[in-house]
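Novice: One structure coming up, written as structure tokens, with questions to follow.
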Amino acid sequence: MKRLRFEYSAELKFSGNVSEHCFTLRCLPVSDGRQLIREARYEISPSENSKIWLSRDSFGNTLICGRIPEPHDVFSFHISGKAEIINTRDISGFPSAIYGYSSPLTKQGECIKKFYEENKPTAEFPIDRAMELCNSLYSKMKYEKGVTNVHTSAEEALSLGKGVCQDYAQIFLSLCRMDGIRCRYVSGLAYESGETHAWTEIGNGTRWYGIDPANNRFISENYIKLCHGRDYSDCPIECGIYLGNSKGVQTVTSNVSEF
Amino acid sequence: MVTPVANSKEINELLARYGVKFGIYKNGNFHEQLFPFDAIPRVISAADFAMLEKGLIQRVDALNMFLRDVYSDKKIISDGVVPDDFVYSSTGFLQQCDGVLPPKGIYSHISGIDLVQAKDGTWYILEDNLRIPSGASYPLIARELCRMTSPDVFREANVRDNRNYIALLRETMNYVNCGGINVILTPGRYNAAYFEHSYFAEKTGAVLVQNSDLFVEDNVLYLKDYQNGRTRIGTVYRRISDEYLDPMTFLPESLIGIPHIMDAYRAGNVALINAPGNGAADDKGIYYFVPKMIEYYLGEKAILKNAPTYLPFYEDDRKYVLDNLEKLVIKDVSEAGGYGVVFGSDMTKEQLTDWRKLITEQSRRFIAQEVIDFIDLPITDEQGNTTMHKADLRAFVLSGEKTKVWCSGLTRFSRTENSFVVNSSQGGGFKDTWVLSQE
């Protein structure tokens with residue numbers, strides 16, 4: 005078992021005032037068979053005249069919802085807490101069939117289909133087949149920032165041959181689903197990474213296993229999961245809508261450390 | 083024989099003056115056009131209607147049970163009645179609604195079931211519309227005008243009064259209300275059915291609202307007023323499609339939705355009419371399974387028949403479709419409004435070959451149906467001559483405490499003689515539908 009302290013902050017600076025700002029945050033981790041959340045706090049600014057409440061989506065993520073009607077030019081939130089990681093890979097919960105079907109960002113195109121045919125796994129069990137696909141993908145892709153964005157699909161990213169953790173995760177999910185494996189997308193925090201990280205969970209029988217395709221390995225005790233969905237579009241850590249024609253610039257920091 | 087209502091021309095002029103219009107998008111431009119009314123009514127006998135009523139209640143009850151099942155235990159899938167592929171890969175199945183039980187467990191409050199009557203008198207279901215079926219206001223207002231122009235006809239003809247639609251609609255909204263007022267949510271005047279939204283609001287006493295009038299706090303939906311006050315909303319009869327309903331849950335670029343309305347709905351604090359995610363049950367691919375659903379959930383045989391349908395997804399059906407393509411109608415399961423419908427009889431040799439290839443490659447995307455030779459109804463054209471046009475019937479079924487069928491409906495006819503496409507998005511007009519109270 006490992007005890008972790010986690011922190012995540014984001015600040016969105018607008019070039020002018022915005023109002024009627026509504027937002028949903030998926031960054032309040034919940035306990036599962038792998039992580040026990042011992043403490044979790046959140047602060048949101050501006051807090052005066054803002055209304056903040058909790059909700060839950062159909063994937064089981066906890067949502068921090070809010071509405072800031074008054075004009076403001078900075079929006080920030082800060083999450084902190086303590087977690088115990090009691091298990092490395094095995095996450096309880098029955099993988100439902102919906103995770104076996106392709107989702108908006110993981111639809112298989114020519115590129116993914118071809119890659120799958122050329123790298124068809126040979127092992128017997130889903131988890132081993134998934135790891136084979138992960139290996140093949142890791143040797144094909146090059147980690148590079150700035151070439152893709154959050155809306156880039158798995159197919160587009162694979163045809164580029166480069167991308168970031170979100171792209172690795174979504175291509176991997178797309179390949180696994182082609183192989184008939186139920187799997188889902190995970191956003192979270194990883195030890196000393198400084199920003200958020202994306203990885204995957206692979207259904208094997210009645211369990212989920214965490215695989216980090218961008219690092220080609222099973223997840224370790226140093227990961228804290230924030231939310232999951234079929235792909236990124238199901239579970240953005242932050243989404244919002246507001247009135248105003250200002251541009252926003254976001255800065256993010258995160259920290260996970262042992263204590 | 084029933085005396086037809088006279089004064090077709092005057093009634094159409096009044097309809098135009100009242101703004102009874104239909105909007106369509108053509109090449110990206112919005113056109114509002116009149117929905118031509120033909121004064122010769124479609125007449126349904128009391129015996130025929132009694133059978134339709136029984137069959138429609140049965141069908142809508144089974145569809146509601148199916149929706150409740152696929153968004154919770156999914157027993158119909160695990161029992162092998164409907165393959166999971168047809169549920170999960172359908173664009174109508176919304177994962178965001180999985181595990182959410184709507185108020186009173188009702189998903190399809192207002193169902194628009196399209197039927198046709200074959201020349202031998204048999205009624206067939208063409209499709210189920212469980213999302214936002216529109217059109218009930220047209221026959222309602224047309225009847226109102228006919229009563230004014232030809233009151234004696236209604237005194238003599240034993241036609242059942244259809245004005246109770248408003249009461250049924252109000253009852254349906256009240257039954258699922260979670261505390262608060264009823265509202266009708268419209269995307270605005272550039273919607274094809276804006277006339278209908280305003281008409282129902284006026285008649286039922288619900289408030290006609292657009293998204294900017296509403297907000298959510300603490301998972302409760304409120305109506306704003308001009309004094310910074312708020313009124314809680316218990317039921318939203320929304321005329322906005324699922325994907326635009328909540329930018330936080332569905333399309334983030336939606337400018338007509340209400341942020342967090344899905345959170346209020348999931349928390350059980352507001353009823354949405356109809357429930358989001360109903361597309362899982364009115365998908366053209368799922369249509370094939372409705373008679374099986376009726377047997378599965380109700381233990382009864384379906385009273386109303388489906389048009390004979392083949393799923394190329396199944397090998398036997400695929401073989402039949404490929405061998406008989408020239409006499410079948412092919413429908414793309416992801417299209418609606420009369421789009422994506424092609425007739426094998428209209429295809430050239432090359433097109434038939436291309437379609438066979440497409441159907442083989444994308445077997446899940448299409449369904450094939452036998453062409454039903456459905457009845458023609460007489461229409462009076464501009465010169466005053468009577469011509470025969472194909473016509474269908476949209477029956478409106480409302481589910482509140484009980485499921486009820488409105489004793490009228492929207493009869494639509496094709497724009498041109500010999501055309502089989504009667505959808506109002508494709509031109510064409512409508513008639514009043516008379517249900518007789520006795521033979």
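As they're listed, the protein sequences go chains A and B. Using the working numbering, read the first sequence as starting at 5 and increasing by one per residue. Using the working numbering, read the second sequence as starting at 83 and increasing by one per residue. Just so it is clear, CB atoms sit at the ideal spot from N, CA and C, and this is done for glycine as well. This one's a predicted model, so the numbers in the text were calculated from it and none came from an experiment.
Terminal residues of the continuous beta strand (DSSP E) containing G262 of chain B?
Specialist: Here G262 of chain B belongs to no beta strand (DSSP E), and DSSP marks it neither H nor E.
Novice: Going by DSSP, what residues sit across from F524 of chain B in a beta bridge?
Specialist: Residue 524 of chain B cannot be examined here, being either before or after the span of chain B that is shown, 83 to 521.
Novice: Please report the distance separating the alpha-carbon of C489 of chain B from that of A101 of chain A.
Specialist: C489 of chain B and A101 of chain A: Cα-Cα distance of roughly 42 Å.
Novice: Report yes or no: is there a C-beta of chain B within less than 8 Å of the C-beta of A14 of chain A?
Specialist: Not closer than 8 Å to any Cβ of chain B, the Cβ of A14 of chain A fails to qualify, so no.
Novice: My guess is that L518 of chain B and A128 of chain B are in contact by the Cβ rule of under 8 Å, so how many angstroms apart are they, rounded?
Specialist: At roughly 5 Å, the Cβ-Cβ gap stays under 8 Å, so L518 of chain B and A128 of chain B are in contact.
Novice: Give the interface partners of Y105 of chain A over in chain B, defined as CB-CB distance under 7 Å, in chain order.
Specialist: Correct list: Y170 and S171.
Novice: For A288 of chain B and I248 of chain B, I'd like the C-alpha separation in whole angstroms.
Specialist: Cα to Cα, A288 of chain B sits roughly 11 Å from I248 of chain B.
Novice: Just checking, does the region 200-210 of chain B make contact with the region 253-268 of chain B on the three C-beta pairs under 8 Å criterion?
Specialist: In short, these stretches do not touch, since the Cβ pair count stays below three.
Novice: So if DSSP puts W205 of chain B in a beta bridge, which residue, or which two residues, is it bridged to?
Specialist: B:Q199, per the DSSP bridge assignment.
Novice: Check each residue of the region 294-316 of chain B: if its Cβ is closer than 8 Å to any Cβ of chain A, include it; give the result in chain order.
Specialist: Those would be F297, V298, E299, D300 and N301, in chain order.
Novice: Considering only residues of the same chain and omitting the five flanking positions on each side of Q199 of chain B, which have a CB-CB separation below 7 Å?
Specialist: W205, F456 and I457, listed in sequence order.
Novice: Given a threshold of 16 other Cβ atoms within 10 Å of its Cβ, counted over all protein chains shown, does M83 of chain B qualify as buried or as exposed?
Specialist: Residue confidence for M83 of chain B is low, a pLDDT of 40 falling below 50, so the modelled location carries little weight; the figure read from the coordinates is stated next. Exposed is the call here.
Novice: So, S90 of chain B versus A121 of chain B, is the Cβ gap smaller than 8 Å?
Specialist: For S90 of chain B and A121 of chain B, yes; Cβs fall inside 8 Å.
Novice: Counting only the same chain and skipping the five closest in sequence on each side, list residues whose C-beta sits under 8 Å from that of M470 of chain B.
Specialist: D458, L459, P460, I461 and E499.
Novice: Tell me whether R348 of chain B is buried or exposed, calling it buried when 16 or more other Cβ atoms sit within 10 Å of its Cβ.
Specialist: R348 of chain B is buried by the Cβ-count criterion.
Novice: Could you check how far apart the C-beta atoms of F148 of chain B and M375 of chain B are, in whole angstroms? I think they sit under 8 Å.
Specialist: So it is a contact: roughly 5 Å between Cβ atoms.
Novice: Output the distance between the C-alpha atoms of Y304 of chain B and N53 of chain A, rounded to the nearest integer angstrom.
Specialist: Cα to Cα, Y304 of chain B sits roughly 17 Å from N53 of chain A.
Novice: Nearest by alpha-carbon distance to S197 of chain A: which of A:E128, A:A218 and A:F119 is it?
Specialist: The shortest C-alpha separation from S197 of chain A is found at A:A218.
Novice: Quick check: what's the CA-CA separation for D171 of chain A versus G184 of chain A?
Specialist: Cα to Cα, D171 of chain A sits roughly 20 Å from G184 of chain A.
Novice: Report the partner residues of G85 of chain A according to the DSSP bridge assignment.
Specialist: DSSP output for G85 of chain A lists A:F10 and A:A44 as bridge partner(s).
Novice: Measuring alpha carbon to alpha carbon, tell me which of A:L58, A:S157 and A:S191 ends up nearest G233 of chain A.
Specialist: Taking only the C-alpha atoms, the option nearest G233 of chain A is A:S191.
Novice: Could you check which residue in A:I41, A:V78 and A:C26 has the C-alpha nearest to that of F18 of chain A?
Specialist: Minimum Cα distance to F18 of chain A is reached at A:V78.
Novice: Please tell me whether K306 of chain B and R312 of chain B are closer than 8 Å, where the distance is taken between their beta carbons.
Specialist: Yes, the pair counts as a contact, with Cβ atoms nearer than the cut-off.
Novice: Would you check if the distance between the CB atom of G194 of chain B and the CB atom of P215 of chain B is smaller than 8 Å?
Specialist: The answer is yes: Cβ separation under 8 Å.
Novice: If you count every other CB in all the chains shown that lies within 10 Å of the CB of E278 of chain B, and 16 or more means buried, which is it?
Specialist: E278 of chain B is buried by the Cβ-count criterion.
Novice: Counting only C-beta atoms, is W212 of chain A closer than 8 Å to chain B at any point?
Specialist: Answer no: the Cβ-Cβ gap between W212 of chain A and chain B never drops below 8 Å.
Novice: So, at 7 Å on beta carbons, what are the nonlocal neighbours of Y523 of chain B in its own chain, with the 5 sequence-adjacent residues on each side left out?
Specialist: Because chain B in this structure spans residues 83 to 521, residue 523 of chain B falls outside the shown range and cannot be described.
Novice: How many Å lie between N146 of chain B and P341 of chain B at the Cα?
Specialist: If you take the alpha carbons of N146 of chain B and P341 of chain B, they lie about 27 Å apart.
Novice: Any C-beta of chain A within less than 7 Å: which residues of the region 175-209 of chain B qualify?
Specialist: Residues passing the 7 Å Cβ filter: Q177, Q178, C179, D180, G181 and V182.
Novice: Taking any Cβ of chain A, which residues in the region 317-343 of chain B have a Cβ under 8 Å from it, in chain order?
Specialist: Listed in sequence order: P329, M330, T331, P334, P341 and H342.
Novice: Using a beta-carbon distance cut-off of less than 8 Å, what residues from the region 42-55 of chain A approach chain B?
Specialist: Hits within the stretch, in order: K55.
Novice: Label M135 of chain A either buried or exposed according to how many other C-beta atoms from any shown protein chain fall within 10 Å of its C-beta, with 16 as the threshold for buried.
Specialist: Per the 10 Å Cβ criterion, buried.
Novice: I'd like to confirm the pairing. Which residues does DSSP put opposite Q39 of chain A in its beta bridges?
Specialist: Answer is A:I89, bridged to Q39 of chain A.
Novice: Verify the contact flag: N356 of chain B, CB atom, against every heavy atom of the ligand ADP, threshold strictly below 7 Å.
Specialist: Looking at this structure, you won't find the ligand ADP or any other ligand, since it has none at all.
Novice: Looking at the structure shown, is K111 of chain A part of a helix, part of a strand, or coil, going by DSSP?
Specialist: Residue state, collapsed to three classes: coil.
Novice: How far does the beta strand (DSSP E) with D120 of chain B in it reach, from first residue to last?
Specialist: Run containing D120 of chain B: F119 to I126, per the beta strand (DSSP E) assignment.
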